């Protein structure tokens with residue numbers, strides 16, 4: 006999952022989540038990597054541990070009723086030569102399309118030669134909003 010525009014990256018991520026294709030989602034992340042969740046940190050050292058983290062995250066959301074997620078880019082830092090960040094609000098909907106909650110996240114990207122993006126770090130600054 007290599008894209009050069011954040012919009013394309015997040016739309017592809019949402020589609021891969023919907024298909025349960027965690028391998029494809031993981032292709033867009035660097036390893037090792039981490040996600041900061043409030044005062045905690047989850048670290049993945051390799052692709053297998055990242056896939057397990059993604060799978061666990063989705064299982065929790067499924068138990069909460071989530072059947073579809075859609076991203077909305079809220080803000081972006083200025084694109085540096087190699088690194089920038091993007092704030093995204095993920096809308097979680099049930100099977101009937103009813104909004105359950107939003108999850109605000111900040112993704113820190115690396116831009117590779119050729120323009121492809123990969124995630125180095127993720128921050129979940131707040132609890133999901135209902």
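Numbering (the working numbering), first residue to last: 6 to 135.
Heads up, the beta-carbon is just placed ideally off N, CA and C, and yes, glycines get one too.
Because the structure is a prediction, the values reported are computed rather than measured.
In the DSSP assignment, the residues bridged to residue 45 are 42. Straight-line measurement puts the Cα of residue 128 at about 10 Å from the Cα of residue 93. When Cβ pairs closer than 8 Å are counted between the two stretches, the segment 24 to 33 is seen not to touch the segment 65 to 76, the count staying below three.
DSSP lists 93 as the beta-bridge partner residues of residue 78. The segment 96 to 106 and the segment 11 to 22 do not touch, with fewer than 3 CB-CB distances between them shorter than 8 Å. Minimum Cα-Cα distance from residue 114 among the listed residues 21, 55, 38, 26 corresponds to 38.
Our two residues, residue 59 and residue 27, have alpha carbons roughly 7 Å apart in a direct line.
DSSP lists 34, 114 as the bridge partner or partners of residue 124. Here the alpha carbons of residue 95 and residue 9 stand approximately 20 Å from one another. In the three-state reduction of the DSSP assignment, residue 86 falls in the coil class, being assigned neither a helical nor a strand state. Annotation for residue 130: no alpha helix (DSSP H) segment contains it, and DSSP assigns it neither H nor E.
Under a 10 Å Cβ-count criterion, residue 118 is classified as exposed, with fewer than 16 other Cβ atoms of the shown protein chains found around its own Cβ. With respect to the 7 Å criterion, residue 97 and residue 79 are not classified as neighbours on the basis of their beta carbons.
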